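The structure appears right after this line, and notes come after that.
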Amino acid sequence: MTDKIDVSVWRGTEQGGFRHYSVPRLASQTVLDVVTYIQRRLDPSLAYRFACRVGMCGSCAMTVNGVARWTCRTHVEKVAPHGVLEIAPLANLPVIRDLVCDMRSFFDKWVRAEGYFHPTATRTDPIVRVQPDTPARRAADAGIECIGCAVCYASCDVVAWNVDYLGPAALNRAWTLMNDERDSGSKVRLAAVSGDAGCHACHTQMSCTEHCPKKIAPTAAIAGLKRATLAALLAGRL
Amino acid sequence: MGGIRIMKSSWRAHNHPAYWAFMLHRVSGILLTLFLPLHFWALGHALGGTAKLESFLIWTDQPLVKASEIAVVTLLAAHLAGGLRLLMLEFLAWRDWQQRLLAIAAGITVGFGLVYLLNVV
Amino acid sequence: MSPRAQLQLWAAQRIGAAVLALCVTVHLATMIYAVHHGLSATAILDRTRGNWGWAGFYVLFVLAVSVHAPIGMRTICGEWLGLSDRAVDVVLAALGVALAIVGLRAVWAVFAS
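Chains as they are written, first to last, in our numbering: chain H, 57 to 294; chain R, 353 to 473; chain U, 3 to 115.
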């Protein structure tokens, strides 16, 4: 085990490149620790995002040795056993500067997919008693832990190839809401997730499922949307 | 919004079985689509009578053509098996065992290809 | 093309795929049978000539592939070649018609020659 890590970090915007830093290796070190060390001790001009640093906010997502990960939950010894690290911003999103990407299109697509709750009740109505073990609720529960970190979005080739594609996170959210008995937006949501920009553009590459840090399977959610939209089409509801 | 750079995902993020399955399915589909007109054209020789088709088929008896035939049959079997896997992943409610469909699809592909190979060589 | 029409294309492609799953299985089995028994062109044509069963089967096969393949190629042209929405629709139509014509001609060739 080397006592130093050779770290390449993306610097710049469109005119940029990888800059090299040498960082001391420590036990139980995470990639976020490495980035923080560089910014505090070596190069204060480095821009990067983080918040909770304990794996619950998703802000620190970056491309580490070519794979999108949460840097606070990625141990250096797991991804760089030979002491070589390459850190870049998330793929498929515009780069603001260095390791910071512009998340706006990611969240805009969430809205375009009708990935938000359409309420039916008011505060004066009794609370809906949702049974946890119905198939619909189980389908919803399988996807609601998403924290919008964009790792899946960054990992998806269809997002890269098709600029309008809503992406795995937005579609996963749409599916959880389709299965939420309290939500009233099914009709508009099915229309929103249909077509070349919607669930039908998914080719089941499963990079989203492979890399999701919460072990969600957006591929499963998207398959559910495919079935729901086809059923609606055949029933004349779409 | 000139010149905003967007990072591209690297092959390292794509190095997993379901992605290889996608790539094989897409490439086999493209190759089969390119092959198909050739196949239809070849069969069209029968319009000139059996002799015409027969002489064409004698031409196909060379090793390179035979090898291509085996390749096409294997690609077809691969595309079929991969397609069946996709239809199951999309139309059956998600289950854990579906992950193993990939292995089954691969097995079917190799099976068909082998049977053809053993018969044509 | 509207999202609804795009969904219809997707559905047609999947339905085409299901039909092709049957056709391709039969076709592969037939080819393996033919090769295993060393059938010559004459022998094969003897079986297909005037045979409405085989003709019907292969017409279905050709039509299914004329639907399935072009829709797939349309997506690939958009994703990998960067063709415009307009251009990919032209590719779809052209390829579909071309495959159907050449394919049905081939079916005619083995049925009526």
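Glycine included, each C-beta is placed from N, C-alpha and C at the ideal position.
All of these numbers come straight from a predicted model, not from anything done at the bench.
Contact of Leu85 of chain U with chain H is not assigned, every C-beta pair being separated by 8 Å or more. Nearest to Val63 of chain H by C-alpha distance, out of H:Phe173, H:Asp89 and H:Arg168, is H:Asp89. In the structure shown, Thr119 of chain H adopts extended strand secondary structure according to DSSP, grouped into three states. Using a CB distance cut-off of 8 Å, Tyr371 of chain R does not count as an interface residue toward chain U.
Contact between Val91 of chain H and Leu155 of chain H is confirmed by a C-beta separation of about 7 Å, below the 8 Å threshold. Taking a beta-carbon distance threshold of 8 Å, Asn148 of chain H does not count as an interface residue toward chain U. A Cβ-Cβ separation of about 5 Å places Ala433 of chain R in contact with Thr461 of chain R under the 8 Å criterion. The alpha helix (DSSP H) runs lying completely inside the stretch 222-277 of chain H and spanning 4 residues or more are 224-234, 242-248 and 263-267, given in chain order. Residues of the stretch 151-162 of chain H with a Cβ closer than 7 Å to any Cβ of chain R, in chain order: Val151.
Within chain H, no residue has its CB atom less than 7 Å from the CB of Ala45 of chain U, the nearest being about 42 Å off. In the structure shown, Tyr77 of chain H adopts extended strand secondary structure according to DSSP, grouped into three states. Residue environment: Asp252 of chain H is assigned as buried (16 or more neighbouring CB atoms within 10 Å of its CB, all protein chains considered). The C-beta separation of Cys205 of chain H from Gly72 of chain H comes to about 23 Å, leaving the pair out of contact by the 8 Å criterion. Contact with chain U is found for His256 of chain H, since one of that chain's Cβ atoms lies less than 8 Å from the residue's Cβ. The Cβ atoms of His267 of chain H and Val207 of chain H sit closer than 8 Å to each other. Excluding the 5 residues flanking it on each side, Ala14 of chain U has same chain C-beta neighbours closer than 7 Å at Val69 and Ile73, in chain order. DSSP, reduced to helix, strand and coil, places Ala124 of chain H within a strand of the structure shown. DSSP places Ile34 of chain U within a helical segment (H, G or I) once states are collapsed to three. The C-beta of Ala107 of chain H comes no closer than 8 Å to any C-beta of chain R.
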